[in-house]
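Chains A and B supply the protein sequences, listed in that same order.
So my numbering is basically just the index in the first sequence, starting at one, shifted up by 41.
So my numbering is basically just the index in the second sequence, starting at one, shifted up by 5.
Presented below is the structure to which this report refers.
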Amino acid sequence: MDLNFTDEQTGFRDEVRAFLDRELPPRLSEKVSRGKRLTKADYEEWHAILNARGWLGVTWPKEHGGTGWDAVRRHIFEEETTRAHAPRILPFGLAMLGPVLMKFGSDAQKSHYLPRILNGDDWWCQGYSEPGAGSDLANVQTTAERSGDHYIVNGQKTWTTLGQYANKIFCLVRTSREGKPQQGISFLLIDMDSPGIEVRPIVLIDGEPEVNEVWFTNVKVPVSNLVGEENRGWTYAKYLLTHERTNIAGVGYAQAGLTTLKRIAGEQMQGGAPLMSNPFFAAKVAQVEIDLMAMATTNLRTIAAASNGQAPGAESSMLKIKGTVIRQQINALARQAVGPYAAPFVSEALEDGSNVEPVGPDYALPASQAYFNNRKLSIYGGSNEVQRQIISKAILEL
Amino acid sequence: MDFKLTEERQMLQDGLRRYLAANVTPEGIRQTDENGTGLDTALWQGLTDMGLPGAMLPEEHGGFGGGGFDIMVVFEELGRAGAVTPLIETAVLAGGLLGEAGRTEEVGDIIDGRLVAFAHGEPASRYDLNRVQTRAERTGDGWHLTGRKAVVHHASAADTLVVSARTSGDADAEAGISLFLVPADAVQLRDYPVYGGGHAAEVALDCSVPAAALVAEEGKAFPMIERANARAAAAQCAEALGLMETIKSLTVDYLRQRRQFGQPIGKFQALQHRMADMLIEIEQARSAVINLCGHLASGAGERELHVSATKNLIGRVGKLVAEEAIQMHGGIGMTQEYALGHFAKRLTMVDHRFGDTDFHLERFIRLSAA
Ligand SMILES: Cc1cc2nc3c(=O)[nH]c(=O)nc-3n(C[C@H](O)[C@H](O)[C@H](O)COP(=O)(O)OP(=O)(O)OC[C@H]3O[C@@H](n4cnc5c(N)ncnc54)[C@H](O)[C@@H]3O)c2cc1C
Numbered sequence: 042m043d044l045n046f047t048d049e050q051t052g053f054r055d056e057v058r059a060f061l062d063r064e065l066p067p068r069l070s071e072k073v074s075r076g077k078r079l080t081k082a083d084y085e086e087w088h089a090i091l092n093a094r095g096w097l098g099v100t101w102p103k104e105h106g107g108t109g110w111d112a113v114r115r116h117i118f119e120e121e122t123t124r125a126h127a128p129r130i131l132p133f134g135l136a137m138l139g140p141v142l143m144k145f146g147s148d149a150q151k152s153h154y155l156p157r158i159l160n161g162d163d164w165w166c167q168g169y170s171e172p173g174a175g176s177d178l179a180n181v182q183t184t185a186e187r188s189g190d191h192y193i194v195n196g197q198k199t200w201t202t203l204g205q206y207a208n209k210i211f212c213l214v215r216t217s218r219e220g221k222p223q224q225g226i227s228f229l230l231i232d233m234d235s236p237g238i239e240v241r242p243i244v245l246i247d248g249e250p251e252v253n254e255v256w257f258t259n260v261k262v263p264v265s266n267l268v269g270e271e272n273r274g275w276t277y278a279k280y281l282l283t284h285e286r287t288n289i290a291g292v293g294y295a296q297a298g299l300t301t302l303k304r305i306a307g308e309q310m311q312g313g314a315p316l317m318s319n320p321f322f323a324a325k326v327a328q329v330e331i332d333l334m335a336m337a338t339t340n341l342r343t344i345a346a347a348s349n350g351q352a353p354g355a356e357s358s359m360l361k362i363k364g365t366v367i368r369q370q371i372n373a374l375a376r377q378a379v380g381p382y383a384a385p386f387v388s389e390a391l392e393d394g395s396n397v398e399p400v401g402p403d404y405a406l407p408a409s410q411a412y413f414n415n416r417k418l419s420i421y422g423g424s425n426e427v428q429r430q431i432i433s434k435a436i437l438e439l
Numbered sequence: 006m007d008f009k010l011t012e013e014r015q016m017l018q019d020g021l022r023r024y025l026a027a028n029v030t031p032e033g034i035r036q037t038d039e040n041g042t043g044l045d046t047a048l049w050q051g052l053t054d055m056g057l058p059g060a061m062l063p064e065e066h067g068g069f070g071g072g073g074f075d076i077m078v079v080f081e082e083l084g085r086a087g088a089v090t091p092l093i094e095t096a097v098l099a100g101g102l103l104g105e106a107g108r109t110e111e112v113g114d115i116i117d118g119r120l121v122a123f124a125h126g127e128p129a130s131r132y133d134l135n136r137v138q139t140r141a142e143r144t145g146d147g148w149h150l151t152g153r154k155a156v157v158h159h160a161s162a163a164d165t166l167v168v169s170a171r172t173s174g175d176a177d178a179e180a181g182i183s184l185f186l187v188p189a190d191a192v193q194l195r196d197y198p199v200y201g202g203g204h205a206a207e208v209a210l211d212c213s214v215p216a217a218a219l220v221a222e223e224g225k226a227f228p229m230i231e232r233a234n235a236r237a238a239a240a241q242c243a244e245a246l247g248l249m250e251t252i253k254s255l256t257v258d259y260l261r262q263r264r265q266f267g268q269p270i271g272k273f274q275a276l277q278h279r280m281a282d283m284l285i286e287i288e289q290a291r292s293a294v295i296n297l298c299g300h301l302a303s304g305a306g307e308r309e310l311h312v313s314a315t316k317n318l319i320g321r322v323g324k325l326v327a328e329e330a331i332q333m334h335g336g337i338g339m340t341q342e343y344a345l346g347h348f349a350k351r352l353t354m355v356d357h358r359f360g361d362t363d364f365h366l367e368r369f370i371r372l373s374a375a
């Protein structure tokens, strides 16, 4: 047992820190730390900066323009970038589609799409969920019917995160009704500007139009946009989900959130003293911090196993549950900490270029917003209930 | 022992439930949020016609109710409907304070539907009722008020504010707090919507008012404020109970309807047990509200002990119910459009007024040791 990084790993960490000092635009880190909404251009700017350094394809192998980093380096990078309040790397092209194409895509698909992901030419969104296919993803009903060298796609996807910015969507579509539902699913790449696609925003409880419904009416998609084989899409979809679940613990986010929480509780006064010195409140903060310290090590244990070549299996379900619960607890404490100023619902003040003044201390609006918005953490990416099912089946064999 | 409502209260409850079911809609709530003041004037008129403000006030102050269980019945129904109204502010808080001060004329107006808000909390006061830094200085023929008030609910819809200000003493002394009637157009308001519906405002005061603006005895307002606050907390806890009841039925309905893996998700034991826990906790919440409403007329010691007990329990259960309901709905529970969001946000915000769960836990320990 050695809880310390090697010299080589420490050196890497310093290199990342130096890079962030130099290259992370203060305008962006300021927005992230103040809980402001990032625009499409903000994300693109940060992606481009990382790409210029060769650090955008964090999970990608070198041959495809990625970093080739092992799990420990990825973890260090993740931790440092969240601590520095860098924008997150959007997962749809980089963490989700990229790995699927590398493993199952045709040579033409790889050489066309992978560089475009790194260069920011394409903005991908994820078209998995449907109104009737949430936890039961295999129930997708959007159909793709073969007609010559095209598929004709009809149906509806929903909860499509940031689909309003996307020019591409990767979809699970039904190509067969024979056999088990899983056996008739295909993985299709679709242009968002194809005729017959309509995107409608869904506003979430915090006021943010973060997700969308995407409707398909007789959308023509070239057969060359099929990934892998027809009716084998479920395999690819599951492969993608294991990648979606890397860094699922969100340790860096939790740590950043804890720092903010302590700042808020240090400034808010109750009964003439800072809230942070109130034993009732301090106890709750301490409790979640203790949980986080242990979870960070659980996370590192998983990472260490993964870099020794063991595939992360049901452990990622454990990390997802614990990680999201801890983050949600931190969000709830921050909401509680701001007191009466949790009430103002001035969501536009978090928007870029908005001239709407915030209300109360600068940390108040983002605290409520993050609390409500992050209720999603335990719902998406496989709900925490579904993760418990996985643990009880795969680890406990119940 | 008798936990049944009196016939009159039963009628009030039935009539109100019918009225609200017909007049409060999600669209209405959304539209109201987007208008300038966050007030649904038609709804408020209807509720005034039904006599709601008067039902919050005792006969000796010109009202025709004012008992703890009047408050409970009315606010549980308002919560059940998710209605956004200024009833706490104008009738329970301002009306209660003005009634105690013998201001029968203003109380009469409030019973007729006039809107008065209570501007008490300040940017640095959090939940401490005694922490008042707004100052009132005597001038030749009246008072000059300076200071800031924070998150004053329904201020922009009101034509008058009852403002607390310090006429003597340190920033946190109970003695030395006075109340003044201030016309809304004499102050600066920064209006904004709040989570869960309705508007609030930041209030900046730098204005003169005549001597007659002083409500009640100079410097002696604290016990009045504490009493009014207890009644407002009871009203809000009853409203929370109504909100929970609706959240419960929305969630149970959803568990029955929503199918995944070829069956209603309500067939999954993991969700069944949590729904059962939610039900148990909501029954606890109902009992806590009954405890508080049944002790509003008790002496300050007993009354305040119940305020803290109930507010603590409602805070805990409210959080559980809102979070569990969203979780068990999945993505749909996260949307602004579906009804749950409004109820869950309104319920969450209950913990941000009149003292939160921890504030009252600490206070309960202190009061119960006394
Ligand atoms: C903000 C947000 C962003 C999203 N982004 C995307 C995206 O970009 N692309 C995309 O494809 N999808 C996206 N999703 C969809 C997300 O993956 C689904 O919401 C999720 O899979 C849950 O499905 P559902 O919402 O239909 O809930 P349901 O599956 O209907 O679940 C409802 C409840 O039942 C529980 N439940 C279901 N099955 C079981 C079971 N067997 N045992 C016990 N409990 C069970 C669930 O845990 C949940 O509590 C997003 C969702 C949200 C909220």
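Idealized CB from N, CA, C, for every residue including glycine.
All values reported here derive from a predicted model rather than from experimental measurement.
For T184/A, which option in D111/A, K261/A and G312/A has the closest C-alpha, if you only look at C-alpha atoms?
Cα-wise, what sits closest to T184/A is K261/A.
Option nearest G70/B by Cα separation, candidates A293/B, G56/B, I370/B and M283/B:
Of the listed residues, the one whose Cα sits closest to G70/B is G56/B.
Does the Cβ-Cβ distance between V192/B and A209/B come in under 8 Å?
Contact annotation: V192/B and A209/B have beta-carbon atoms nearer than 8 Å.
What are the boundary residues of the alpha helix (DSSP H) that F266/B is part of?
From DSSP, F266/B is part of no alpha helix (DSSP H); its letter is neither H nor E.
Chain A partners of L62/B, CB-CB under 8 Å?
None at all; the shortest Cβ gap to chain A is about 26 Å.
Any chain B beta carbon closer than 8 Å to L245/A:
Interface flag for L245/A against chain B is set, since a Cβ pair is found closer than 8 Å.
Any C-beta of chain A under 8 Å from that of D133/B
Yes, because at least one Cβ of chain A sits closer than 8 Å to the Cβ of D133/B.
CB contact check: K363/A to chain B, cutoff 8 Å
Under the 8 Å criterion on CB atoms, K363/A is classed as non-interfacial with respect to chain B.
Contact with chain B by Y404/A, beta-carbon distance below 8 Å
Output row for Y404/A: interface = no.
Touch check for the region 232–245 of chain B and the region 145–157 of chain A: three-plus C-beta pairs under 8 Å?
Not touching, per the Cβ criterion.
Going by C-alpha to C-alpha distance, which of Y169/A, M336/A and G269/A sits closest to F133/A?
It is Y169/A whose Cα lies nearest to the Cα of F133/A.
For M16/B, which residues from the same chain have a beta carbon less than 8 Å from its beta carbon, with the 5 sequence-adjacent residues on both sides left out?
There are no such residues.
Cα separation between I144/B and V220/B?
Reading off the sequence shown, one finds Thr at residue 144/B, where the question assumed Ile. Cα to Cα, T144/B sits roughly 16 Å from V220/B.
Using 8 Å as the threshold, is the region 335–348 of chain B in touch with the region 242–249 of chain A, meaning 3 or more CB pairs across them?
Cβ pair count under 8 Å is three or more, so yes.
The region 176–203 of chain A: which residues have C-beta closer than 8 Å to a C-beta of chain B, in chain order?
Listed by position along the chain: S176, D177, N180, T199 and W200.
Taking C-beta pairs closer than 8 Å, name the residues in chain A that G335/B reaches, listed in chain order.
Residues of chain A whose Cβ lies closer than 8 Å to the Cβ of G335/B are, in chain order, G175, S176, I420 and S424.
When you compare each of A240/B, Q332/B, G267/B and I285/B to N296/B by their alpha carbons, which one comes out closest?
The shortest C-alpha to C-alpha distance from N296/B to any of A240/B, Q332/B, G267/B and I285/B is the one to A240/B.
R2/A and L391/A: beta carbons closer than 8 Å?
Given that chain A is displayed from residue 42 to residue 439, the structure contains no residue 2/A and the question cannot be resolved.
Whole-number beta carbon distance between C212/A and K221/A, since they are thought to touch under 8 Å:
The C-beta separation of K221/A from C212/A comes to about 20 Å, leaving the pair out of contact by the 8 Å criterion.
May I ask you to check if the CB of G298/A is nearer than 7 Å to at least one heavy atom of ligand 1?
Closer than 7 Å to some heavy atom of ligand 1: that does not describe the Cβ of G298/A.
Alpha-carbon to alpha-carbon, P269/B and H262/B
Correcting the residue identity first, residue 262/B is Gln in this sequence and not His. Between Q262/B and P269/B, the C-alpha separation is close to 6 Å.
Short of 8 Å Cβ to Cβ, which residues in the region 388–402 of chain A face chain B?
Residues of the region 388–402 of chain A with a Cβ closer than 8 Å to any Cβ of chain B, in chain order: E398, V400 and G401.
Taking 7 Å as the cut-off, does the CB of S357/A come closer than this to any heavy atom belonging to ligand 1?
False, no ligand heavy atom lies under 7 Å from that Cβ.
Go to P40/A, then tell me how far its alpha helix (DSSP H) extends in each direction, as first and last residue.
This structure cannot settle anything about residue 40/A, because the visible part of chain A is limited to 42 through 439.
Below 7 Å on C-beta distance, what does I331/B contact in chain A?
What I331/B touches in chain A: R416.
DSSP state of S188/A, grouped into three classes?
DSSP, read as helix, strand or coil, puts S188/A in strand.
Does any C-beta atom of chain A lie closer than 8 Å to the C-beta of F266/B?
At least one chain A Cβ lies under 8 Å of F266/B.
Contacting residues, own chain, Cβ-Cβ under 8 Å from I76/B (five flanking each side not counted)
Here the set comprises M61, V97, R236, A239, A240, A243, C298 and L301.
Does at least one heavy atom of ligand 1 sit under 7 Å from the Cβ of I362/A?
It does not: the Cβ of I362/A is nowhere closer than 7 Å to a heavy atom of ligand 1.
CB contact below 8 Å: T340/B versus chain A
Yes, contact with chain A.
Could you work out which residue in G380/A, Q369/A and V379/A is closest to F413/A when comparing CA atoms only?
Among G380/A, Q369/A and V379/A, the Cα nearest to that of F413/A belongs to Q369/A.
Is Q369/A near ligand 1, going by C-beta to nearest heavy atom under 7 Å?
Look at Q369/A: its beta carbon is at least 7 Å from all of the heavy atoms in ligand 1.
Tell me which residues share the same chain as S70/A and place their Cβ nearer than 8 Å to its Cβ, disregarding the 5 neighbours each side in the sequence.
The residues are A125, H126 and A127.
Should R131/B be labelled buried (16 or more other beta-carbon atoms within 10 Å of its own) or exposed?
By the Cβ-count criterion, R131/B is buried, with 16 or more other Cβ atoms from all chains shown falling within 10 Å of its own Cβ.
D361/B versus K72/A - alpha carbon distance
Between the alpha carbons of D361/B and K72/A lies a distance of about 30 Å.
Tell me whether F266/B, by its Cβ, gets closer than 7 Å to a heavy atom of ligand 1.
Yes, the Cβ of F266/B comes within 7 Å of a heavy atom of ligand 1.
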